[in-house]
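Engineer: In our numbering, the protein residues as written are 61 to 255.
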Amino acid sequence: MTRPVSWLEHDPDERIVRWGWMIWIAWGVIGGTLWLTDIRAGTGALSLVLVAPFWGLWLLWPGYRTLRGWWRWQSDSVSAEWNGSYYEFDGRQIRMLMQGDSIWIAATDVFDALDLHGRQRDVARVRQIAGRDGLARPPGTRLLAFSEIGIKAWLDRRTDPVAHKFSRWLDKQVIAPYRKRQEIAADGGAESKAR
61 MTRPVSWLEH
71 DPDERIVRWG
81 WMIWIAWGVI
91 GGTLWLTDIR
101 AGTGALSLVL
111 VAPFWGLWLL
121 WPGYRTLRGW
131 WRWQSDSVSA
141 EWNGSYYEFD
151 GRQIRMLMQG
161 DSIWIAATDV
171 FDALDLHGRQ
181 RDVARVRQIA
191 GRDGLARPPG
201 TRLLAFSEIG
211 IKAWLDRRTD
221 PVAHKFSRWL
231 DKQVIAPYRK
241 RQEIAADGGA
251 ESKAR
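So this is what it looks like as structure tokens:
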């Protein structure tokens with residue numbers, strides 16, 4: 061079961077955002093003009109108290125946009141280096157980070173793909189099987205991930221059919237093609253040096 065999607069993850073259409081800012085500016089200009097007129101008439105404080113809820117609503121839009129931007133920045137900062145490194149297993153995205161000879165697989169994506177809950181997701185329990193270096197934070201990242209050796213050790217201990225299917229998929233669709241690309245790149249580099 062996947063986690064419920066936050067309302068902040070649904071960013072509105074670009075046109076809605078543009079119209080939202082236009083309405084916000086118009087509301088500020090018209091409301092500000094009317095309030096300044098009331099101040100000149102001597103009833104500014106009373107009218108400000110009466111329309112305070114509307115000014116509160118007026119502040120909601122920039123507050124929402126600020127919160128939305130902060131939410132996006134937070135989610136991107138954790139996995140910015142993982143962006144664009146997605147593979148698909150049974151309709152779920154699995155983040156992969158390739159660093160030289162190392163392949164790192166995002167632990168939360170693996171847990172979600174295998175539909176694990178509760179104690180099955182406990183980092184200490186998984187680390188006992190995968191090893192200290194098998195489930196760690198890759199260098200320069202904050203996201204918990206399996207190393208290639210760690211995920212193989214952990215998947216070998218699992219008995220459910222989805223884990224075996226995931227293990228075969230990982231070997232055939234991710235690791236083998238990556239190693240082949242590395243081999244071709246190394247051969248291409250050796251040939252260019254020989255010339």
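No residue lacks a Cβ here, since even glycine has one placed at the ideal position from N, Cα and C.
Compare the C-alpha of Pro198 against each of Ile163, Ala105 and Lys225 and name the closest.
Structural biologist: Answer by Cα proximity: Ile163.
Engineer: Just list the residues that DSSP pairs Ile165 with in beta bridges.
Structural biologist: DSSP, once it has assigned bridges, lists Met156 and Phe206 as partnering Ile165.
Engineer: Less than 6 Å between C-beta atoms, sequence neighbours within five positions excluded: which residues of the same chain meet that for Tyr147?
Structural biologist: Excluding residues within five positions, the ones whose Cβ falls inside 6 Å are Ile154, Met156 and Val234.
Engineer: From what residue to what residue does the alpha helix (DSSP H) around Asp98 run?
Structural biologist: First-last of the alpha helix (DSSP H) with Asp98: Glu74 to Ala101.
Engineer: I'd like to know whether the C-beta atoms of Gly194 and Gly210 end up nearer to each other than 8 Å.
Structural biologist: Cβ distance < 8 Å, so Gly194 and Gly210 count as in contact.
Engineer: Drop a sphere of 10 angstroms on the beta-carbon of Ala105, count the other beta-carbons inside from all chains shown, and report buried for 16 or more, exposed for fewer.
Structural biologist: So Ala105 ends up on the exposed side.
Engineer: Between the Cα of Val77 and the Cα atoms of Pro122, Asp247 and Lys232, which residue gives the shortest distance?
Structural biologist: Selected option, being the one with the closest Cα: Pro122.
Engineer: Taking the alpha carbon of Trp214 as the reference point, which residue from Pro221, Val222, Gly191 and Lys225 has its own alpha carbon closest?
Structural biologist: Ranking the options by Cα distance to Trp214, first place goes to Gly191.
Engineer: What is the residue span of the alpha helix (DSSP H) that Pro199 lies within?
Structural biologist: Run containing Pro199: none; DSSP gives neither H nor E here.
Engineer: Whole angstroms are fine: how far does the CA of Leu120 sit from the CA of Arg202?
Structural biologist: Those two C-alpha atoms are separated by around 32 Å.
Engineer: Just to confirm the assignment, what range does the alpha helix (DSSP H) spanning His224 have?
Structural biologist: First-last of the alpha helix (DSSP H) with His224: Pro221 to Trp229.
Engineer: Counting C-beta neighbours from all protein chains within 10 Å, is the total for Ile99 16 or more, i.e. buried, or is it exposed?
Structural biologist: Result: exposed.
Engineer: Answer with yes or no whether the minimum CB distance from Pro198 to chain B is below 8 Å.
Structural biologist: Judged by its chain identifiers, the structure shown contains no chain B, having just a single protein chain.
Engineer: Taking the CB atoms as reference points, tell me whether Leu176 and Phe226 lie closer together than 8 Å.
Structural biologist: Result no, Cβ atoms of Leu176 and Phe226 do not sit closer than 8 Å.
Engineer: Could you have a look at Leu195 and say whether DSSP puts it in helix, strand or coil?
Structural biologist: Residue state, collapsed to three classes: strand.
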